[in-house]
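Okay, so here's the structure we're looking at.
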Amino acid sequence: MIEQILTGKITEAVKNLYQLEASPSQIQLQNTRKEFEGDITLVVFPFTRVSRKSPEATAAEMGEYLQANLAEVDNFNVIKGFLNISIKKEYWLSFLTENYLFEKFGFQEKQDSKPVVVEYSSPNTNKPLHLGHIRNNLLGFSLSRILQAAGKNVVKVNLVNDRGIHICKSMLAWQRWGNGETPESSGLKGDHLVGKYYVVFDKYFKEEIAVLVAGGMNADEASKKAPLIIEAQQILQKWEAGDEEVINLWKKMNGWVYDGFAITYKTLGIEFDKTYYESQTYLLGKELVQEGVQKGVYTRRADGSVWIDLSAEGMDEKLLLRSDGTSVYMTQDLGTAMQRYNEYNPEQLIYVVGNEQEYHFNVLKVVLKHLGCAWADSIYHLSYGMVELPAGKMKSREGTVVDADDLMQEMFDTSEAMARELGKIEAFDTDEARNLYRTIGLGALKYFILKVDPKKNMLFNPAESVDFNGNTGPFIQYTYARIKSVLRKADEAGYEVLLSYDNSVALHPEEKELLRKLHDFPALVLQAADMHSPAVIANYAFELASEYNRFYHELTILKEENLQSRGLRLSLSQFTAKVIVNALWMLGIEVPERM
RNA sequence: GGCCUCGUAGCUCAGUGGAUAGAGCAGCAGCCUUCUAAGCUGCGGGUCAUAGGUUCGAAUCCUAUCGGGGUCACCA
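Take 0 as the starting number for the first sequence in numbering that gives the first Met the number 0 and just add one per residue.
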């Protein structure tokens, strides 16, 4: 692209004019702001020190050098310390003709390198997925695709938390109050059924605590002494001992949950290359901890528990193994990290996990390093912010969650209502209409969530719901459908998309802006991959669609009489459609041919 | 309390040291006998939390303060 060419020539210019070996960070190129003339701007302040001239003089001098020595440079102007460079029309036209048919525009060649393992979703099996999981799933899936587009060899992994006290709570409540209810008998989706009993457990558990507290016990103690929690713990112990009856119930109820999750994932359009189960990995870390004790990097206390002192790293002491020899969260994660390292020998291990676990992942890295695992540095925690509701944080047990299945259904219903209101439905048969509502509803939801910086907390207001106009997924999808409509009509009319233009063809401002936007896409994909941020792609897609709509509104395409111009606009349209598809693919958003 | 993080228009968000800080929504006013109006155009709206500092240049980096969130379990 032109930026590379310019960077090379600017390096040369600085060397010849000022005898300076410029570092890449000194060469600051940016797109020229619309209010100024030019395409690309060089900030020359960093060079004034060596030029010993004013910013204006330095910029002028460099501009002259570039114009004289670089064929692509048409002209330049100087405003303060900014050198605005105009690139020749030929460059833009040849960029268009060389790329507008390129299906994989924006995608890098796949590198022959070690894989990047992305873990996301990682649900518990005691309740259905909610809005928080949706953000996790969308981020993980989209990041995987962005990395793939950047040429990485990506493995998408899910680690299902299928064991532990929370599942035992649902099991116990179902045994006691379920009357043999099944997904078939109740018509409830499996994960919702199990989640229902998780709530039932909590209700009776709270009642027991209340009784104990009324009897004079303090709340903390009561929550440990309540009969229900004790019984749930006994079930967990039986599970760990391999008790057949408990295991069978566990398998049955988890089976229901998996059936439910499968539907949710499918509706959401999320996939994994491999699924791991914590019941099969939770013991893995113990040997590592023993190894650490032998190496003397972890310490065993008199009661048998194992600790690591991280005060040198500015952290606390951390428990690695309980006194009774059982694993804690950290033990398990040490094990699964090691397993993953051995299995894939990855270039990078990415964990898509909420920012509430930042401390945990910092500790994980340090603990691994103490063991001598230099690869701990390849662990990247994509620490995304919480989704908050107007009332505050979501809490499963208090019923203040936005359920994933309900939310998606609402999006489908809203997009249907919207389509009816706009009088769009006559054109579609039932199946096509149904698909359209899904495509648009999901597009709205996914874009809404992915457009915000992953690191930031975000607010979701169910009452105002998700928009379908303005800076939204449907806006981008609509732009695509609009282009396709034009292209269909061009095809019917037998119009040709020209493969080359003579230099007399005009390049209007709207055409030029659109072309420049398209031109930026490949570099932007790399940036998004580097920043681990789908938001970068989402915002780009919106800007591209806006740019196209402006172009569409200002200039005629099919009615244009100049064949050169008509051909140019058709190829621009085709190119834009392709880039929209590619960008939205990276977000996991599909595109309708008509809407 | 220690550590981490966020604070930009009425609301939701862009802006990874560069020019006069941008979008969408909401509000107001226009544009469909012409390629899809889920679109386009215009108007109003800002002490970039506050105060210092670094720099030719700060919403962006540093320090402090204020405010929101998170975290500091033999829970996961």
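Backbone N, C-alpha and C fix where the C-beta goes; we use that ideal spot for every residue, glycine too. Note that the coordinates shown come from a computational prediction; the quantities given were computed from them, not determined experimentally.
Per DSSP, the unbroken alpha helix (DSSP H) holding I208 starts and ends at 189-213. Take the alpha-carbon of M585 and the one of F46: they are about 39 Å apart. F550 and E89 have their alpha carbons spaced roughly 20 Å apart.
About 6 Å separates the beta carbon of L571 from that of E510, a gap short enough to meet the 8 Å contact definition.
Sequence-distant partners of E592 (beyond 5 residues in either direction) whose C-beta falls short of 7 Å from its own C-beta, in its chain, are A480, K483. Non-local beta-carbon contacts of G303 in its own chain, meaning distances under 6 Å to residues more than five positions away in sequence, involve S322 in chain order. Counted as a single uninterrupted DSSP element, the beta strand (DSSP E) harbouring Q347 occupies residues 347-353. The beta carbon of K14 sits closer than 7 Å to the beta carbons of E20 from its chain, once the five residues preceding and following it are set aside; these are given in chain order. Cβ-Cβ distances below 7 Å link M417 to F467 in the same chain, with the five nearest sequence neighbours on each side left out; the list follows chain order. In this structure, A336 is the residue among A336, F204, G7 with its C-alpha nearest to the C-alpha of A373.
When C-alpha distances from N354 are compared across M410, K454, K445, the shortest belongs to K454.
Assignment of alpha helix (DSSP H) within the region 34-105, counting only whole runs of 4 or more residues, yields 44-50, 54-68, 88-98 in chain order. When secondary structure is reduced to three states using DSSP, H518 falls in the helix class.
Non-local beta-carbon contacts of L498 in its own chain, meaning distances under 7 Å to residues more than five positions away in sequence, involve T96 in chain order. With 16 or more other Cβ atoms from the protein chains shown falling within 10 Å of its own Cβ, T330 counts as buried.
A Cβ-Cβ contact shorter than 7 Å links Y547 with T478.
Between N538 and K205, the alpha-carbon positions lie close to 46 Å from each other. In summary, M170 is buried, with 16 or more beta-carbon neighbours lying within 10 Å of its beta-carbon over all protein chains present. It is roughly 25 Å from the alpha-carbon of V156 to the alpha-carbon of C167. According to the DSSP secondary-structure assignment, D308 is paired through a beta bridge with E316. Here H380 carries a strand assignment [DSSP, helix/strand/coil].
For M0, the number of other beta carbons within 10 angstroms of its own is below 16, and it is reported as exposed. Per DSSP, the continuous alpha helix (DSSP H) segment holding Y328 begins and ends at 328-343. For V366, DSSP assigns no beta-bridge partner whatsoever. Shown here, D490 sits in a helix according to DSSP, grouped into three states. Under the DSSP assignment, L449 falls in the alpha helix (DSSP H) whose first and last residues are 429-449. Remark: three or more beta-carbon pairs, one from each stretch, lie closer than 8 Å, so the region 63-80 and the region 34-45 are flagged as touching.
Ranked by Cα distance from L554, the options L513, V578, A522 are led by L513. Counting of Cβ neighbours within 10 angstroms places Y358 among the exposed residues, the total staying below 16.
Within the same chain, Y479, V590 come within 8 Å of V580 by CB-CB distance, once the 5 residues on both sides are set aside. About 7 Å separates the Cβ atoms of A403 and P127, confirming a contact at the 8 Å cut-off.
Under DSSP, N30 forms a beta bridge with I39. Judged by DSSP secondary structure, Y539 falls within the alpha helix (DSSP H) whose first and last residues are 533-553. Membership of K294 in the alpha helix (DSSP H) is indicated by the continuous run 284-294.
Per DSSP, the continuous alpha helix (DSSP H) segment holding Y17 begins and ends at 1-17.
Here S24 is exposed. Its C-beta has fewer than 16 other C-beta atoms within 10 Å.
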